[in-house]
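Down below is the structure, laid out as structure tokens.
In this note's numbering, the protein residues as written are 1124 to 1436.
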């Protein structure tokens, strides 16, 4: 893996912006970091703004093999993982969107437990349903920025929180932190299981029929990670048969979820269309990250949001 620092530059770093139709705000973010926007052939680094266009990025790398650093836009890099190498520094939007995504996760937790979906679908004054988030047991799969933000947001609710992550270390607000291979242990007894993971071969399909059977029958699943973490047909089965209490999903597999899919009509399923961060939220946050990293690149400081080629995130 290339070093996370570089030699400080005497002048403005030369940064290319791609693809060709990149938005003006990205150029503004580079220039706010005292970077000079140049043609690809003359660039030391590349800020890439296309969320899912690996073909054009591969072409850009072939055209400019001298690039020392490439900035990707989103935290999820699964569409680009085959291009990640150890010949240059790679950074992504890791941590940029933690606050808005954690806020949505909290909203979905409350909506699920308090029966908001039930009330929203009825056309009459109905019987009371729901239970408190306060004092509940919450398991969070993933230990990144979203989890750090969500743990802070959960403090007033006095939950017992268990975090499952690759590298066990103390986390502010977490009562327990478990190794990734113990995630099954964290499912039983949880009132809410939140998925906030990077998608890797190890985490794809990690929640399937056997895992749902481990969960309590009134537990809610909240997924703000990636739809492929969950085996969708098994989730439909679990919801239809009362194996778990419900699911609140900001991501699905497939995405977008097709019209007529069973998840749309299940009374114990809430779906939002991958709006953990909207463009209105994302642009200023990503702009700040680009500006900060251009300055760090110029000064030879460690870049924010580094991608580990071996881990794949």
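Backbone N, C-alpha and C define an ideal beta-carbon position, used for all residues, glycine too. On a predicted model such as this, the values are computed, not experimentally measured, just so you know.
- DSSP places residue 1291 in the coil class of the three-state scheme, outside both helix and strand.
- In the displayed model, residue 1212 falls within a strand according to three-state DSSP.
- Residue 1260 has its alpha-carbon roughly 30 Å from the corresponding atom of residue 1197.
- Residue state for residue 1271 is assigned as helix, using DSSP reduced to three classes.
- In this structure residue 1273 is in contact with residue 1263, their Cβ atoms being roughly 6 Å apart against a cut-off of 8 Å.
- Nearest C-alpha to residue 1192 among 1252, 1374, 1137 and 1375: 1137.
- For residue 1323, the secondary structure class from DSSP, reduced to helix, strand or coil, is coil.
- If you draw a straight line from the Cα of residue 1411 to the Cα of residue 1172, it is about 14 Å long.
- In this structure the segment 1402–1419 lies against the segment 1148–1158, because at least three pairs of beta carbons, one per stretch, are closer than 8 Å.
- Contact between the segment 1234–1246 and the segment 1414–1427 is absent: fewer than three C-beta pairs spanning the two stretches fall below 8 Å.
- At the C-beta level, residue 1327 and residue 1363 stay beyond 8 Å of one another.
- The C-beta distance from residue 1203 to residue 1169 rounds to 12 Å, too long to fall under 8 Å, and the pair is not in contact.
- Residue 1284 sits close to residue 1296, with the two beta carbons spaced by under 8 Å.
- Taking every protein chain shown into account, the CB of residue 1270 has 16 or more other CB atoms within 10 angstroms, so this residue is buried.
- Contact between the segment 1364–1375 and the segment 1389–1398 is present: 3 or more CB-CB pairs across the two stretches fall below 8 Å.
- Sequence-distant Cβ neighbours of residue 1376 in its own chain, meaning closer than 6 Å and more than five residues away, are 1350, 1351 and 1355.
- Approximately 13 Å separates the beta-carbon atoms of residue 1345 and residue 1276; this is outside 8 Å, ruling out the contact.
- Within the model, the alpha-carbon separation for residue 1278 versus residue 1298 is close to 11 Å.
- According to DSSP, residue 1159 shares a beta bridge with 1137.
- Excluding five sequence positions before and after residue 1224, the CB atoms of its chain that fall closer than 7 Å to its own CB belong to 1269, 1347, 1399 and 1400, given in chain order.
- Boundaries cannot be given for residue 1191, as no alpha helix (DSSP H) includes it and DSSP labels it neither H nor E.
- Around the CB of residue 1143, fewer than 16 other CB atoms lie within 10 Å, so the residue is classed as exposed.
- Here residue 1283 carries a strand assignment [DSSP, helix/strand/coil].
- Nearest to residue 1429 by C-alpha distance, out of 1159, 1185, 1176 and 1215, is 1215.
- Contact annotation: residue 1220 and residue 1321 have beta-carbon atoms that are not nearer than 8 Å.
- If you keep only unbroken alpha helix (DSSP H) runs of at least 4 residues inside the segment 1400–1429, you get 1402–1422.
- The segment 1332–1339 and the segment 1301–1316 touch, with no fewer than 3 CB-CB distances between them shorter than 8 Å.
- According to the DSSP assignment, residue 1343 belongs to no alpha helix (DSSP H) but to the beta strand (DSSP E) extending over 1343–1346.
- Ranked by how close their Cα comes to the Cα of residue 1291, the residues 1141, 1265, 1166 and 1230 have 1265 in first place.
- The DSSP-derived three-state label of residue 1131 is coil.
- With 16 or more other Cβ atoms from the protein chains shown falling within 10 Å of its own Cβ, residue 1156 counts as buried.
- The criterion of a C-beta distance shorter than 8 Å is satisfied by residue 1432 and residue 1207.
- By the neighbour-count definition (other C-beta atoms within 10 Å, threshold 16), residue 1167 is a buried residue.
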